[in-house]
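Here is the structure we will look at.
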């Protein structure tokens, strides 16, 4: 397969998947947040007082963009940024109660979307899908130093 055909096949899969999970919607899961904002909320919620640069690194984003998105989340009172107790030069981020409630609702809706997406698969089909996902995750993270394997991908 030549490079162009390879790229087109991978991009076709990307289009299929991004449409299937609704990542092109400007309101992720029908809520008033984008996918980028949702991913930041998830990352913040999964860590204990992460620093802004740590969030950017985990998501493979530049610091300026990360700070802008965090600013919109802070304006919406979904997060709070404070000075680190350990290093006063650093700012740490935490979800507010409102942010935690929104994150819980995003999780609920995202889980429902995924379960609906695969409801037609039998046990064997689900196993094949999960194996293929494990393979994709492994193959893509070996060559890309920026990609962090999501520990929840493994069963």
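Numbering (the numbering used here), first residue to last: 54 to 208. Just so it is clear, CB atoms sit at the ideal spot from N, CA and C, and this is done for glycine as well.
In its own chain, which residues sit with a C-beta less than 6 Å from the C-beta of residue 176, not counting the 5 before and 5 after it? none
Reduced DSSP category for residue 94 - H, G, I as helix; E, B as strand; rest coil: helix
Can you tell which of 75, 188, 132 and 80 has its C-alpha closest to the C-alpha of residue 101? 132
Nonlocal neighbours in the same chain, by C-beta distance under 7 Å from residue 182, ignoring five residues either side: 171 and 174
Determine whether the beta carbon atoms of residue 94 and residue 156 lie at a separation below 7 Å. yes
Limits of the unbroken beta strand (DSSP E) element including residue 132: 132 to 136
Rounded to the nearest angstrom, what separates residue 138 and residue 188 at their Cα positions? 41 Å
Determine, using beta carbons only, whether residue 141 and residue 105 come nearer to each other than 7 Å. no
Taking 7 Å as the threshold (C-beta atoms), are residue 108 and residue 148 in contact? no
Beta strand (DSSP E) segment containing residue 146, residue limits: 144 to 148
To the nearest angstrom, how far is it from the Cα of residue 69 to the Cα of residue 136? 42 Å
Can residue 151 and residue 130 be called in contact, C-beta distance under 7 Å? yes
Inter-residue spacing [alpha-carbon to alpha-carbon] between residue 158 and residue 82: 9 Å
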